[in-house]
Amino acid sequence: MTNYFSSDFKLGILGGGQLGKMLLYNTRKFDIYTCVLEASNDAPSKIACDEFHLGNLMDYDAVYNFGKQVDVLTIEIENVNVDALEALEKEGIKVYPAAKTLRTIQNKAKQKLFYIDNNLPTAPFTRFAYLSEIEDAINNGGLTLPFVWKAAQFGYDGNGVKMVRKIEDLQGLPTGECIAEQLIPFKNELAVIVARNSSGEIKTFPVVEMEFHPEANQVEYVICPARIDEAVAKKATEVALKVSEAFNHVGLLAVEMFQTEDDQILINEVAPRPHNSGHQTIEASYTSQFEQHIRAILNLPLGRTDSKVGGVMVNLVGAEGYTGNVIYENIEAIMKMDGVTPHVYGKKQTRPFRKMGHVTIVDEDLNEARKIAEEVKKKIKVISE
Numbered sequence: 001m002t003n004y005f006s007s008d009f010k011l012g013i014l015g016g017g018q019l020g021k022m023l024l025y026n027t028r029k030f031d032i033y034t035c036v037l038e039a040s041n042d043a044p045s046k047i048a049c050d051e052f053h054l055g056n057l058m059d060y061d062a063v064y065n066f067g068k069q070v071d072v073l074t075i076e077i078e079n080v081n082v083d084a085l086e087a088l089e090k091e092g093i094k095v096y097p098a099a100k101t102l103r104t105i106q107n108k109a110k111q112k113l114f115y116i117d118n119n120l121p122t123a124p125f126t127r128f129a130y131l132s133e134i135e136d137a138i139n140n141g142g143l144t145l146p147f148v149w150k151a152a153q154f155g156y157d158g159n160g161v162k163m164v165r166k167i168e169d170l171q172g173l174p175t176g177e178c179i180a181e182q183l184i185p186f187k188n189e190l191a192v193i194v195a196r197n198s199s200g201e202i203k204t205f206p207v208v209e210m211e212f213h214p215e216a217n218q219v220e221y222v223i224c225p226a227r228i229d230e231a232v233a234k235k236a237t238e239v240a241l242k243v244s245e246a247f248n249h250v251g252l253l254a255v256e257m258f259q260t261e262d263d264q265i266l267i268n269e270v271a272p273r274p275h276n277s278g279h280q281t282i283e284a285s286y287t288s289q290f291e292q293h294i295r296a297i298l299n300l301p302l303g304r305t306d307s308k309v310g311g312v313m314v315n316l317v318g319a320e321g322y323t324g325n326v327i328y329e330n331i332e333a334i335m336k337m338d339g340v341t342p343h344v345y346g347k348k349q350t351r352p353f354r355k356m357g358h359v360t361i362v363d364e365d366l367n368e369a370r371k372i373a374e375e376v377k378k379k380i381k382v383i384s385e
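For what it's worth, UniProt numbering labels the leading residue of the sequence shown as 1, then goes sequentially.
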């Protein structure tokens with residue numbers, strides 16, 4: 001067994017955003033030496049790592065040269081240079097998630113084809129090389145409205161996804177590769193986080209329910225456990241485990257799913273890293289998703305995943321109409337409330353809908369926690385000077 005603790009072992013993290021920062025809370029706890037690669041000097045992770053390297057995550061040389069200096073390499077964002085990761089794997093650097101997994105997940109069309117090939121349930125879709133082909137398909141009856149347009153690459157936080165109800169909705173969208181996904185009437189959006197280490201130990205966190213902001217296409221609330229039948233929760237967990245197995249994934253895999261009107265479970269998309277749908281685990285679970293990711297990629301025993309208490313997470317995003325130096329208005333008011341913990345990510349500049357932090361609300365009564373979450377959302381505002 002490698003000695004990871006208080007030793008010369010180095011863990012590399014590609015990406016220095018808030019997910020990296022929250023991973024680093026745990027490497028600090030275990031005294032694991034960490035190196036972070038990120039393109040911005042203002043990255044939230046900068047204050048918490050042992051070594052901070054400036055570099056573009058999509059640049060082959062930057063990723064390759066960084067990876068050569070560490071023993072295990074992981075990510076906190078999918079948009080990284082996969083060719084460099086493949087070269088590092090060949091040279092014996094441990095990379096989790098594997099380059100092959102990332103190559104599939106980075107492209108939404110490839111990701112959807114992977115589900116079809118592996119007999120995993122997902123909404124019907126059509127793949128297009130160019131946006132202009134969608135218009136032709138609508139005009140010749142090959143595609144019916146409404147549908148969900150998704151850019152094949154580089155979508156994040158609601159960017160790269162649009163509901164198309166009429167042909168005019170296609171105006172102004174990126175012109176490259178995309179998919180048109182059948183609009184599925186669903187009751188709930190659910191997520192399950194699966195953790196697996198390289199010895200094959202597997203654990204799942206409880207199923208969560210996600211409520212989305214109608215315009216921004218971003219998660220507004222995450223509710224744990226999801227308020228669904230046990231049979232549906234069991235089915236969602238089984239689907240998530242099958243996805244993890246198909247990818248042969250090591251680390252965390254967050255699987256986002258739809259619960260249809262007739263209680264079928266369809267995979268929406270996956271993220272092979274800590275995820276927005278697991279932030280409440282910091283306060284509400286025995287083991288946070290961030291600690292679990294570290295345990296999984298270092299092949300340590302996995303921690304207990306059940307919740308100590310019901311938890312609701314509220315995303316703090318930049319208010320509309322504000323751009324500039326951030327101010328968290330009324331943060332003291334929410335800190336007075338019982339069971340409420342704000343997390344401020346450390347981004348100095350706010351802009352509309354930018355993820356700036358989150359707030360966790362814990363309560364023995366989940367419905368009470370959801371009510372308090374609503375109050376928190378109304379009280380705190382992310383504005384600028």
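By construction, the Cβ of each residue, glycine as well, lies at the ideal position given by its N, Cα and C atoms. Small disclaimer: the values here were computed from a predicted structure and weren't measured.
Spatial neighbours of residue i in its chain, beta-carbon cut-off 7 Å, leaving aside the 5 residues before and after
{"i": "D50", "result": "Y33, T34, C35"}
{"i": "V333", "result": "Here the sequence assigns Ala to residue 333, which means Val is not the residue at that position. Correct list, in chain order: K379."}
{"i": "N107", "result": "A152, Q153"}
{"i": "N41", "result": "L54"}
{"i": "H358", "result": "H279, M313, V314, N315, L316, H343"}
Cutoff 6 Å; reference residue i; Cβ partners in own chain excluding five residues on either side
{"i": "A369", "result": "G310, V312, I361, D363"}
{"i": "A39", "result": "N56"}
{"i": "residue 390", "result": "Residue 390 lies beyond the stretch modelled for the chain, which goes from 1 to 385, so this question has no answer here."}
{"i": "L366", "result": "G310"}
{"i": "A290", "result": "Ala is not the amino acid found at residue 290; the sequence shown has Phe there. For F290, where only same-chain residues beyond five positions count, the Cβ hits under 6 Å are M22, L23, N26, P274."}
{"i": "V239", "result": "I265"}
{"i": "E256", "result": "A191, N268, E269"}
Residue environment, residue i, which counts as buried when at least 16 other CB atoms sit within 10 Å
{"i": "N197", "result": "buried"}
{"i": "Q292", "result": "buried"}
{"i": "T237", "result": "buried"}
{"i": "S132", "result": "exposed"}
{"i": "residue 403", "result": "The requested residue 403 does not occur in the structure, where the chain is confined to residues 1 to 385."}
{"i": "G142", "result": "exposed"}
{"i": "N276", "result": "buried"}
{"i": "G321", "result": "exposed"}
Simplified DSSP state of residue i, which is helix, strand or coil
{"i": "N107", "result": "coil"}
{"i": "M210", "result": "strand"}
{"i": "P44", "result": "helix"}
{"i": "E177", "result": "coil"}
{"i": "G158", "result": "coil"}
{"i": "L85", "result": "helix"}
{"i": "T281", "result": "helix"}
{"i": "E269", "result": "strand"}
{"i": "T122", "result": "strand"}
{"i": "L102", "result": "helix"}
{"i": "F5", "result": "coil"}
{"i": "Y345", "result": "coil"}
{"i": "D365", "result": "coil"}
{"i": "N188", "result": "strand"}
{"i": "I331", "result": "helix"}
{"i": "K355", "result": "strand"}
{"i": "G20", "result": "helix"}
{"i": "H53", "result": "strand"}
{"i": "V70", "result": "coil"}
{"i": "N315", "result": "strand"}
Chain-order list of residues whose beta-carbon lies under 8 Å from that of residue i (same chain, five-residue window excluded)
{"i": "V70", "result": "K10, L11, G12, C35, I93"}
{"i": "L102", "result": "I75, E78, V80, V82, L85, P272"}
{"i": "T323", "result": "Q349, T350, R351, P352, S384"}
{"i": "Q111", "result": "T104, I105, E269, V270"}
{"i": "I116", "result": "T122"}
{"i": "L170", "result": "L131, I134, E135, W149, V164"}
{"i": "D229", "result": "D263"}
Residue i to residue j span [Cα, whole Å]
{"i": "G16", "j": "D338", "result": "31 Å"}
{"i": "T104", "j": "G155", "result": "14 Å"}
{"i": "G160", "j": "V382", "result": "23 Å"}
{"i": "V243", "j": "V194", "result": "9 Å"}
{"i": "A62", "j": "E89", "result": "16 Å"}
{"i": "Y4", "j": "D31", "result": "8 Å"}
{"i": "S199", "j": "P301", "result": "9 Å"}
{"i": "residue 387", "j": "Q280", "result": "Given a span of 1 to 385 for the chain in the structure shown, any question on residue 387 remains unanswerable."}
{"i": "F247", "j": "A129", "result": "25 Å"}
{"i": "G172", "j": "R165", "result": "15 Å"}
{"i": "Q218", "j": "S288", "result": "22 Å"}
{"i": "S285", "j": "I327", "result": "30 Å"}
{"i": "A109", "j": "W149", "result": "11 Å"}
{"i": "T175", "j": "P146", "result": "19 Å"}
{"i": "V95", "j": "A191", "result": "25 Å"}
{"i": "L316", "j": "E220", "result": "8 Å"}
{"i": "A233", "j": "P97", "result": "26 Å"}
{"i": "S6", "j": "L37", "result": "21 Å"}
{"i": "D8", "j": "L73", "result": "15 Å"}
{"i": "I372", "j": "F212", "result": "17 Å"}
Any non-hydrogen atom of the ligand GDP closer than 7 Å to residue i Cβ
{"i": "A62", "result": "Ligands are entirely absent from the displayed structure, and the ligand GDP is therefore not among its contents."}
**Message:** Quick test of the definition: if touching needs 3 or more C-beta pairs under 8 Å, does the stretch 202-210 touch the stretch 171-182?
**Reply:** no
**the stretch 250-267 / the stretch 182-191 touching (three or more Cβ pairs under 8 Å)** = yes
**Request:** Check whether the stretch 244-252 touches the stretch 295-302, taking contact to mean three or more Cβ pairs, one atom from each stretch, closer than 8 Å.
**Result:** yes
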